[in-house]
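Novice: So that we are looking at the same thing, I have put the structure below in structure tokens.
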Amino acid sequence: MSSPFSALGIREELVALLHQEGILTPTPVQETAIPALLQGKDAIVQAQTGTGKTLAFALPILEGIHSNKSYTQALILTPTRELAIQISGELAKLAPALGVSVLAAYGGQDVESQIRKLKNPPHVVIATPGRLLDHLRRETVTLSSIRMLVLDEADQMLHMGFLQEVQAIIDQCSLKRQTMLFSATMPGPVKQLAARYMDVPEDIRIRSAAVTLDAIEQRVVDTTDRNKQALLLAMLDAENPYLAVVFCRTKLRAKKLTEALQETGVPADELHGDLTQAKRETVMKRFRSAKLQVLVATDVAARGLDVEGVTHVFNYDAPTDGDTYIHRIGRTGRAGESGVAITFATPRDRMSLETIEQKIRAKLKHVPGSKYGVGQGASADQDEPGKARPRRTSDASSRGGARAGGSRAGGGRKSGTGAAAHAGSASRSGGFGRRDEARGTARGASSRSDAARSSSSARSAGARPEARVASWSDEPRGGARSGGGGARSGGGSARGGSAGAGRGTAARSAAGPRSGKPTSGGTRSAGFGRGSKPASSGGRSSSPRAGGAKPGGRSGKPSPGGRSGGQGKRGR
133 MSSPFSALGI
143 REELVALLHQ
153 EGILTPTPVQ
163 ETAIPALLQG
173 KDAIVQAQTG
183 TGKTLAFALP
193 ILEGIHSNKS
203 YTQALILTPT
213 RELAIQISGE
223 LAKLAPALGV
233 SVLAAYGGQD
243 VESQIRKLKN
253 PPHVVIATPG
263 RLLDHLRRET
273 VTLSSIRMLV
283 LDEADQMLHM
293 GFLQEVQAII
303 DQCSLKRQTM
313 LFSATMPGPV
323 KQLAARYMDV
333 PEDIRIRSAA
343 VTLDAIEQRV
353 VDTTDRNKQA
363 LLLAMLDAEN
373 PYLAVVFCRT
383 KLRAKKLTEA
393 LQETGVPADE
403 LHGDLTQAKR
413 ETVMKRFRSA
423 KLQVLVATDV
433 AARGLDVEGV
443 THVFNYDAPT
453 DGDTYIHRIG
463 RTGRAGESGV
473 AITFATPRDR
483 MSLETIEQKI
493 RAKLKHVPGS
503 KYGVGQGASA
513 DQDEPGKARP
523 RRTSDASSRG
533 GARAGGSRAG
543 GGRKSGTGAA
553 AHAGSASRSG
563 GFGRRDEARG
573 TARGASSRSD
583 AARSSSSARS
593 AGARPEARVA
603 SWSDEPRGGA
613 RSGGGGARSG
623 GGSARGGSAG
633 AGRGTAARSA
643 AGPRSGKPTS
653 GGTRSAGFGR
663 GSKPASSGGR
673 SSSPRAGGAK
683 PGGRSGKPSP
693 GGRSGGQGKR
703 GR
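The numbering of the sequence shown is this note's numbering, which starts it at 133 and goes up by one.
Next up, the structure:
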């Protein structure tokens with residue numbers, strides 16, 4: 133059986149395993165790197181994330197392992213726990229059938245359990261620098277027989293301060309080894325590391341940044357720090373992402389923003405260095421299975437994160453340099469699919485944006501926050517009291533979540549999976565009610581009949597929507613939303629079934645979560661929409677704030693699992 137991978141020198145047994153995973157065609161980085169690596173040459177491979185780098189070094193390693201010899205022959209060094217988990221997951225799909233054993237060693241795991249496994253040395257070890265040094269000090273692992281060494285995400289490894297650890301590890305490896313260095317960028321320290329430890333390396337550069345970015349619609353929304361939270365809620369309504377990653381500058385900001393999103397009923401959680409390993413794995417499992425819609429993350433924690441179905445990236449805090457920008461927005465638009473990257477920019481971010489534009493060699497499109505009803509210049513229609521901003525229809529095509537079928541290229545997604553597999557019919561229900569003037573925090577959704585009877589009076593009285601009700605069901609996503617309880621009296625136009633209540637974008641104060649005070653615009657009430665049933669069909673809903681209830685979660689058919697990545701040095 134002949135295939136493009138066979139032409140690169142991959143044996144038929146391994147090609148058959150790739151085909152079982154739906155991987156039929158190599159990516160450019162695989163086409164270029166694999167032949168050189170199979171010849172045993174040292175190589176510096178510069179390519180962006182999401183281009184198939186993992187298989188570019190994993191396949192040559194699997195080809196070079198002597199499965200009948202019981203010692204560690206290959207070491208893959210990664211900067212983060214999540215990236216180690218991701219790589220070991222990819223190898224686990226192929227290695228067992230070849231008789232190759234693999235072990236991932238990273239912080240947050242039980243070290244005693246790792247020691248027991250290392251007593252029977254695995255053929256391949258995937259490790260973070262800190263945990264591997266721990267094992268070296270304990271003398272529970274030996275690197276003297278390493279024949280293949282991979283430094284993955286080398287630029288990030290050094291950026292995180294691992295230079296001394298990396299040097300100490302390499303010094304213990306066999307001198308008769310093949311060294312493979314993979315990096316998205318090539319700063320000075322990475323070049324110096326290569327010059328010191330590599331023997332006349334092949335220089336392989338995949339100019340894929342432009343191609344990767346071409347698949348991503350990039351926008352800058354001009355705003356202020358005060359309006360960022362309301363703007364994010366408004367844009368989640370307007371964009372209706374299938375899965376979104378929101379980047380914050382610090383762990384504290386990520387935590388505060390997550391709390392604010394959860395209070396408004398958005399299925400969100402945080403990913404940063406303060407989380408325990410068990411919590412991090414739980415969060416990523418929920419995000420990969422689409423039980424979360426929004427993942428709020430820091431740069432270090434999300435490094436290398438690769439989850440299928442991420443349609444949007446929001447730079448809540450603008451990155452300060454071009455490399456960070458590329459790494460962030462590279463969480464979407466992966467493996468030939470499209471994505472959207474939105475950067476919130478304040479006046480003080482002007483210099484950072486100029487730096488980013490120089491890096492990507494393109495001008496970023498700017499739009500005002502008022503376009504989404506937030507900040508100065510917001511239209512009267514968008515800010516009209518008692519009038520919710522309609523959300524787009526939640527079918528797969530309008531969400532940007534549709535996935536075309538077909539084969540994967542070099543480790544891309546399987547055919548027939550992704551957001552399209554979840555497309556179905558779902559409705560959104562929401563209601564409007566008068567604000568409780570005495571309490572200032574009326575919660576819960578009004579009934580559809582109440583909404584129909586009172587919409588006219590509510591609008592004339594300037595009532596704002598109540599607190600939003602997160603409503604999720606087991607139904608597949610997509611389909612029409614119903615809202616407001618039918619035709620609106622006083623408005624003169626029939627609106628039933630086309631728009632539900634918003635997330636609380638204009639109403640929510642930018643002062644921060646859990647303030648204990650009602651917002652100036654009152655509180656909102658609405659169903660989330662994605663995957664929710666109309667009230668008449670028995671869809672579940674819950675009020676996120678009434679009676680101490682927590683925001684409603686969501687269950688549904690899980691999306692195909694993706695890979696996760698990112699955490700800081702020493703458990704950050």
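Heads up, the beta-carbon is just placed ideally off N, CA and C, and yes, glycines get one too.
Since we're looking at a predicted model, the values are computed, not measured.
(1) Using the rule of at least 16 other Cβ atoms within 10 Å of the residue's Cβ for burial, across every protein chain shown, is R270 buried or exposed?
(2) Can you check whether the CB of T186 is closer than 8 Å to the CB of I217?
(3) Three-state secondary structure (DSSP) at A534?
(4) Contact defined as beta carbons within less than 8 Å: I believe I278 pairs with R309. What is the distance between those atoms, to the nearest angstrom?
(5) When you compare the region 412-430 with the region 345-363, are there three or more beta-carbon pairs, one atom per stretch, that lie closer than 8 Å?
(6) Quick check: the region 313-330 against the region 227-236, are there 3 or more CB pairs under 8 Å?
(7) Nearest to E486 by alpha carbon, out of S421, Q296, V282 and T452?
(8) Would I260 and R435 qualify as a contact pair, given that the criterion is a beta-carbon distance under 8 Å?
(9) In chain order, what residues of the same chain have a beta carbon less than 7 Å from the beta carbon of T708, not counting five sequence neighbours either side?
(10) So, with DSSP's three-state summary, where would you put L283?
(11) Pick from E214, K225, Q241 and V332: whose alpha carbon is nearest that of R284?
(12) With H, G and I counted as helix, E and B as strand and the rest as coil, what does DSSP make of A229?
(13) In whole angstroms, give me the CA-to-CA distance for R640 and T183.
(14) When DSSP labels each residue in this structure, what does T475 get in the three-state scheme?
(15) Does the beta-carbon distance from V445 to A400 come in below 8 Å?
(16) According to the neighbour-count rule (16 or more other Cβ atoms, all chains shown, within 10 Å of its Cβ), is T159 buried or exposed?
(17) Using the Cβ count rule (16 or more neighbours within 10 Å means buried), how would you classify A307?
(18) At which residue ranges does the region 292-316 contain complete beta strand (DSSP E) runs of 3 or more residues, listed in the order of the chain?
(19) Quick one: using the 10 Å Cβ neighbour count with 16 as the cut-off for buried, is R463 buried or exposed?
(20) Provide the residue(s) that pair with K411 in DSSP beta bridges, ordered along the chain.
(21) By DSSP, does G624 sit in helix, in strand, or in coil?
(22) For G170, which of Q178, V161, L156 and L191 has the nearest alpha-carbon?
(23) Just mark A148 as buried or exposed, buried being the case when its beta carbon has 16 or more other beta carbons within 10 Å.
(24) Going by CA-CA distance only, name the one from P228, E489 and S470 that's closest to Q455.
(25) By Cβ distance below 7 Å, which residues in the same chain neighbour Y329 in space, the five residues on each side in sequence not counted?
(26) On a CA-only basis, which of S276, K251, M289 and E297 is nearest L265? Give me that one, please.
(27) Please list, in chain order, all residues of the same chain as S199 whose beta carbon is under 7 Å from its beta carbon, the five residues on each side excluded.
(28) Which residues mark the beginning and the end of the beta strand (DSSP E) in which Q178 is found?
(29) Decide if A227 is buried, meaning its Cβ has at least 16 other Cβ atoms within 10 Å, or exposed.
(30) Whole-angstrom Cβ separation of R460 and N447, contact assumed at under 8 Å?
(31) Hey, would you say V322 sits closer than 8 Å to D354, going by beta carbons?
(32) Just the C-alpha distance for R263 and L209, rounded to the nearest angstrom, thanks.
(33) What three-state label does DSSP hand H404 in the structure shown?
(34) Excluding the five sequence neighbours on either side, which residues of its own chain have a C-beta within less than 7 Å of the C-beta of N359, listed in chain order?
(35) Is it right to say H498 is buried, meaning 16 or more other beta carbons lie within 10 angstroms of its own, or is it exposed?
(36) Is the distance from the Cβ of K383 to the Cβ of G405 below 8 Å?
Specialist: In brief:
(1) In the sequence shown, counting from the first residue as 1, residue 270 sits at position 138. Under this definition R270 is an exposed residue.
(2) If you number the sequence shown from 1, residue 217 lands on position 85. If you number the sequence shown from 1, residue 186 lands on position 54. No, the Cβ-Cβ distance between I217 and T186 is not below 8 Å.
(3) Within the sequence shown, the letter at position 402 stands for residue 534. Low per-residue confidence applies at A534: pLDDT is 41, beneath 50, and the placement is therefore not dependable enough to give any value.
(4) Taking the sequence shown and counting its residues from 1, the one referred to as residue 278 is at position 146. Taking the sequence shown and counting its residues from 1, the one referred to as residue 309 is at position 177. The Cβ separation is near 6 Å, so the contact holds.
(5) The count of Cβ pairs closer than 8 Å, one atom from the region 412-430 and one from the region 345-363, stays below three, leaving the stretches out of contact.
(6) With a cut-off of 8 Å, the region 227-236 and the region 313-330 do not count as touching, because too few Cβ pairs lie within range.
(7) Locating residue 486 in the sequence shown gives position 354, where the first residue counts as 1. Comparing Cα-Cα distances from E486 to each of S421, Q296, V282 and T452, the minimum goes to T452.
(8) Locating residue 260 in the sequence shown gives position 128, counting from the first residue. Locating residue 435 in the sequence shown gives position 303, counting from the first residue. Per the sequence presented here, residue 260 reads as Thr, with Ile not at that position. For T260 and R435, no; Cβs fall outside 8 Å.
(9) Residue 708 is absent from the model: the chain starts at 133 and stops at 704.
(10) Mapped onto the sequence shown, residue 283 falls at position 151. In the structure shown, L283 sits in a strand (DSSP, three-state: E or B).
(11) For the purposes of this step, residue 284 is identified with residue 152 of the sequence shown, where counting begins at 1. According to the sequence displayed, residue 284 carries Asp and not Arg. The shortest Cα separation from D284 among E214, K225, Q241 and V332 belongs to E214.
(12) Here residue 229 corresponds to residue number 97 of the sequence shown, with the count starting at 1. Helix.
(13) In the sequence shown, counting from the first residue as 1, residue 640 sits at position 508. In the sequence shown, counting from the first residue as 1, residue 183 sits at position 51. Bear in mind that the predicted position of R640 carries a pLDDT of just 40, short of 50, making it unreliable; the figure below should be weighed with that in mind. Near 39 Å, if we compare the C-alpha coordinates of T183 and R640.
(14) In the sequence shown, counting from the first residue as 1, residue 475 sits at position 343. For T475, the three-state secondary structure derived from DSSP is strand.
(15) Position 313 of the sequence shown, counted from the first residue, corresponds to residue 445. Position 268 of the sequence shown, counted from the first residue, corresponds to residue 400. 8 Å or more divides the Cβ of V445 from the Cβ of A400.
(16) Residue numbering aside, residue 159 sits at position 27 when the sequence shown is read from its first letter. Within a 10 Å sphere around the beta-carbon of T159 sit 16 or more other beta-carbons, which makes this residue buried.
(17) The residue labelled residue 307 in the question sits at position 175 within the sequence shown. Checking the sequence shown, residue 307 turns out to be Leu, not Ala. Exposed is the call here.
(18) Within the region 292-316, the complete beta strand (DSSP E) runs of at least 3 residues are 310-315.
(19) The count along the sequence shown starts at 1 and reaches residue 463 at position 331. Burial state of R463 is buried, judged by a 10 Å Cβ sphere holding 16 or more other Cβ atoms.
(20) Position 279 of the sequence shown holds residue 411. Bridge partners of K411: none, in fact.
(21) As a first step, residue 624 must be located in the sequence shown, where it is residue number 492. Model confidence at G624 stands at a pLDDT of 41, short of 50, so the residue's coordinates are unreliable; what they give is reported in the following sentence. DSSP places G624 in coil when its eight states are reduced to three.
(22) Here residue 170 corresponds to residue number 38 of the sequence shown, with the count starting at 1. Note that residue 170 is Leu in the sequence shown, not Gly. It is L191 whose Cα lies nearest to the Cα of L170.
(23) For the purposes of this step, residue 148 is taken as the residue at position 16 of the sequence shown. Exposed.
(24) As a working note, residue 455 is residue 323 in the sequence shown. The question names Gln, yet the displayed sequence has Asp at residue 455. Of P228, E489 and S470, the residue nearest in Cα terms is E489.
(25) The sequence position of residue 329 within the sequence shown is 197, counting from 1. Counting only Cβ-Cβ distances below 7 Å, and skipping sequence neighbours, we find I302 and T311.
(26) What you label residue 265 is simply residue 133 of the sequence shown in a count that begins at 1. The candidate whose alpha carbon is nearest that of L265 is E297.
(27) In the sequence shown, counting from the first residue as 1, residue 199 sits at position 67. The beta carbon of S199 lies closer than 7 Å to those of L230, G231, V232 and H255 in the same chain, with the five residues before and after it left out.
(28) What you label residue 178 is simply residue 46 of the sequence shown in a count that begins at 1. For Q178, the uninterrupted beta strand (DSSP E) segment begins and ends at A175 to Q178.
(29) The count along the sequence shown starts at 1 and reaches residue 227 at position 95. Buried.
(30) Start at 1 with the first residue of the sequence shown, and residue 460 comes out as number 328. Start at 1 with the first residue of the sequence shown, and residue 447 comes out as number 315. Yes, they are in contact, since the Cβ atoms of R460 and N447 sit about 6 Å apart, within 8 Å.
(31) By 1-based counting over the sequence shown, the position of residue 322 is 190. By 1-based counting over the sequence shown, the position of residue 354 is 222. Cβ distance not < 8 Å, so V322 and D354 don't count as in contact.
(32) Start at 1 with the first residue of the sequence shown, and residue 263 comes out as number 131. Start at 1 with the first residue of the sequence shown, and residue 209 comes out as number 77. One C-alpha to the other measures close to 11 Å.
(33) Within the sequence shown, numbered from 1, the residue matching residue 404 stands at position 272. In this structure, H404 counts as coil in the three-state DSSP scheme.
(34) For the purposes of this step, residue 359 is taken as residue 227 along the sequence shown, with counting starting at 1. Correct list, in chain order: G501, V506, G507 and A642.
(35) Within the sequence shown, numbered from 1, the residue matching residue 498 stands at position 366. Its Cβ having fewer than 16 others within 10 Å, H498 is exposed.
(36) For the purposes of this step, residue 383 is taken as residue 251 along the sequence shown, with counting starting at 1. For the purposes of this step, residue 405 is taken as residue 273 along the sequence shown, with counting starting at 1. The answer is yes: Cβ separation under 8 Å.
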